[in-house]
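> Dropping a structure here in structure tokens format, bear with me for questions.
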Amino acid sequence: MSPLMKLRAVCLAVLVVSASLSAIGLRQMRGLEPGSSDAEIAAHMDDVLDHAMQRYSIAGVAAGVIRDGEIVWQAREGRSDGEGAPITDATAFNLGSISKPLTVWTVLSLAQDGVVDLDAPLSTYDLPYEPDYGEHAPEAVTVRRLLQHTAGTNQPGYGGWGVHEEQPEDAVDLSENYAPLRVAYQPGEHRRYSGGGYVLLQMLVETVTGQDFDTVARQHVFDPLGMTTSGFDPSRLPTVSQAFNYYRQPIEDLRDVAQTAAGGYASGGDIENFLLAHMTGGGVLTTDSLEQAFMPTGPNPGFAMSYTRWQTPDGILYGHGGNNSSWNGQIYIRPQTGDGFYFLTNATSGAQLDFDLSCAWLGLMESEDGAARCDEAVSLTHQLAWVSWGVAAAGLFWVYWLVAGGVAGKRVLTLRPTGRGPLRLSGRLFLAFLTFAVTLFLIWMFWTNSVIWRTQTIFIDEVPMDELEGLSIAVTSLFAILTLCLWSSPRNRR
């Protein structure tokens, strides 16, 4: 067999093997069957979590399943700091946007006491900061609409600030100098998710009580529910996990000023208490207040006050996710039956659990919305995986073209590439430098996203990181190969 035929055989084998490995490696959602026993639930969730911890390089996780008001599965896995301290029942995680349901409970408890009027305009309170109402009537921006994300405010979300960044001092400084708040849409017409609206609620609570939000939340929600390792000020908590990047490197001093939007902390045990309280109010909220929290927001039945609302055969399933600068989590509760689920993680890669662990549990709920969400997630990971394979196959073709030319003695690498036809020296040099520049840029992007930025703040979030990383490597490799091809020339024959 000639060298060229051997090269073709090797390339073909690489294509076949890589395609097979890609197919084998595609994510599969393994949902629990409705009616599974407690033992089957525990065994299945253990298996899914063990696989996820190994595959996705997750530093630490707290997770649990509630059934009929009882904890039937609980996991505390991994480490909480760079020294290897284990995750325990008291280890607090940043909650990201799961902070918003806690904010809802705090504001509703104040409304029960007559301290806050849910239907009063925000402008009736003397806040230290006033949003830009623009052409919209201030009277239309009420406390209730802020809770429901229907007040028309901007700023969908906030990230944590790292030690390398200039940081806002508090919520007022954040809104005045970093992320100004304005009423961008007609209040009451549509639901538009707004972390900015929840920052205004933080200012409201602190204004009417004369106390910081953490203290108010402790008095009205955390202490009555026995949530002793929860709060909005991590310096007051006994054990707080560090955040970790994609490669399990600890991240130092991430700070969230927008407490009510994404700055809450809680341990796995406390989240269990919080979810169970949704069944009766836990002595914090009355039946009427719970109904207001769970009520659909206007014409959209899929959302409540910072909860998603999914129909199931046995009642409404309420949920909320959190994704915030290396912290990831999800909560679900069906108050009618006392069924719930949660996970909290301390690593960038923890977002993967919302593809695997959450979807495993959602099989029990028989929710069409949940099934559609999981199917969409699976489809996205499969698409990214096959696009990565296609890009890699294109790179292999150009490797074959370059190596085959060298084996046949027809091409050679040179600093002064030449060619036939319109693509002569100037054109080839231009394209070579262009692809080289793109290669360097992609390497920089991949490196900073993987190492530098992920040790401070998060550049790319809420996506399947494993598949995205594979695509990044494939695209970078393709441009590097194209650079080599453009810097090759036909060998001169004399």
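1 is the number of the first residue of the sequence shown in UniProt numbering; add one for each residue after it.
Note that CB positions come from ideal geometry on N, CA and C, so glycine has one too.
I'd like the span of the alpha helix (DSSP H) that includes Trp401, first residue to last.
Segment 368-407, the alpha helix (DSSP H) holding Trp401.
> In terms of residues, what are the limits of the beta strand (DSSP E) holding Gly329?
Per DSSP, Gly329 belongs to the beta strand (DSSP E) from 327-334.
> Does the beta carbon of Gln74 sit closer than 7 Å to a beta carbon anywhere in chain B?
The structure shown contains no chain B, having only a single protein chain.
> Around the Cβ of Thr287, are there at least 16 other Cβ atoms within 10 angstroms (buried) or fewer (exposed)?
With fewer than 16 Cβ atoms within 10 Å of its Cβ, Thr287 is classed as exposed.
> On a CA-only basis, which of Ile443, Gln219, Thr312, Arg79 is nearest Pro250? Give me that one, please.
Nearest of Ile443, Gln219, Thr312, Arg79 to Pro250, Cα basis: Arg79.
> Can you check whether the CB of Asp233 is closer than 7 Å to the CB of Asp256?
Their beta carbons are not under 7 Å apart, which means Asp256 does not touch Asp233 by this criterion.
> Go to Met55, then tell me how far its alpha helix (DSSP H) extends in each direction, as first and last residue.
With the sequence shown as reference, residue 55 is identified as Arg, and Met is not the correct amino acid for it. 38-56 is the extent of the alpha helix (DSSP H) around Arg55.
> If I follow the unbroken alpha helix (DSSP H) through Gly60, where does it start and stop?
Run containing Gly60: none in the alpha helix (DSSP H); it sits in the beta strand (DSSP E), 60-67.
> How do the region 389-404 and the region 348-364 stand: do at least 3 beta-carbon pairs fall below 8 Å, yes or no?
With a cut-off of 8 Å, the region 348-364 and the region 389-404 do not count as touching, because too few Cβ pairs lie within range.
> For Ser488, does the three-state DSSP call read helix, strand or coil?
Ser488: strand per DSSP, three-state reduction.
> What residues are listed by DSSP as bridge partners for Tyr121?
Before going on, a small fix: residue 121 reads as Pro here, not Tyr. DSSP output for Pro121 lists Thr142 as bridge partner(s).
> Under a three-way DSSP split, which group does Val475 fall into?
DSSP places Val475 in helix when its eight states are reduced to three.
> Please return the same chain residues whose Cβ sits closer than 6 Å to the Cβ of Gly226, not counting the five positions on each side in sequence.
Asn273, listed in sequence order.
> Cα separation between Asp81 and Arg67?
Cα to Cα, Asp81 sits roughly 31 Å from Arg67.
> What is the DSSP secondary structure of Ser450, counted as helix, strand or coil?
Note on Ser450: pLDDT 49, under 50, position unreliable in the model; the coordinate value appears next. Reduced to three states, the DSSP call for Ser450 is helix.
> So does the region 396-411 actually touch the region 471-487, counting three or more Cβ pairs closer than 8 Å?
Yes, the region 396-411 touches the region 471-487.
> Roughly how many angstroms separate the alpha carbons of Pro101 and Arg55, rounded to a whole number?
Answer to the nearest angstrom: the Cα atoms are 31 Å apart.
> Please tell me whether Tyr332 and Gly321 are closer than 7 Å, where the distance is taken between their beta carbons.
No, the Cβ-Cβ distance between Tyr332 and Gly321 is not below 7 Å.
> On the DSSP bridge assignment, give the partners of Leu290 in chain order.
The partner list for Leu290 (beta bridge, DSSP) is empty, contrary to what the question assumes.
> Spatial neighbours of Glu135 within its chain, please: C-beta separation below 7 Å, excluding the five flanking residues on both sides.
Excluding positions up to five away in sequence, the list is empty.
> Nearest to Lys6 by CA position, among Ser36, Val403, Leu285, is which residue?
Checking every option, the nearest Cα to that of Lys6 belongs to Val403.
> Between Arg182, Leu276, Trp310, Thr280, which has its C-alpha nearest Gly340's C-alpha?
The residue with the shortest Cα to Cα distance from Gly340 is Leu276.
> Compute the distance between the beta-carbons of Arg248 and Ser57, then report whether it is under 7 Å.
In this structure, Ser57 lies closer than 7 Å to Arg248 by Cβ.
> Assuming Thr209 is part of the alpha helix (DSSP H), what are its boundary residues?
That run of the alpha helix (DSSP H) goes 195-209.
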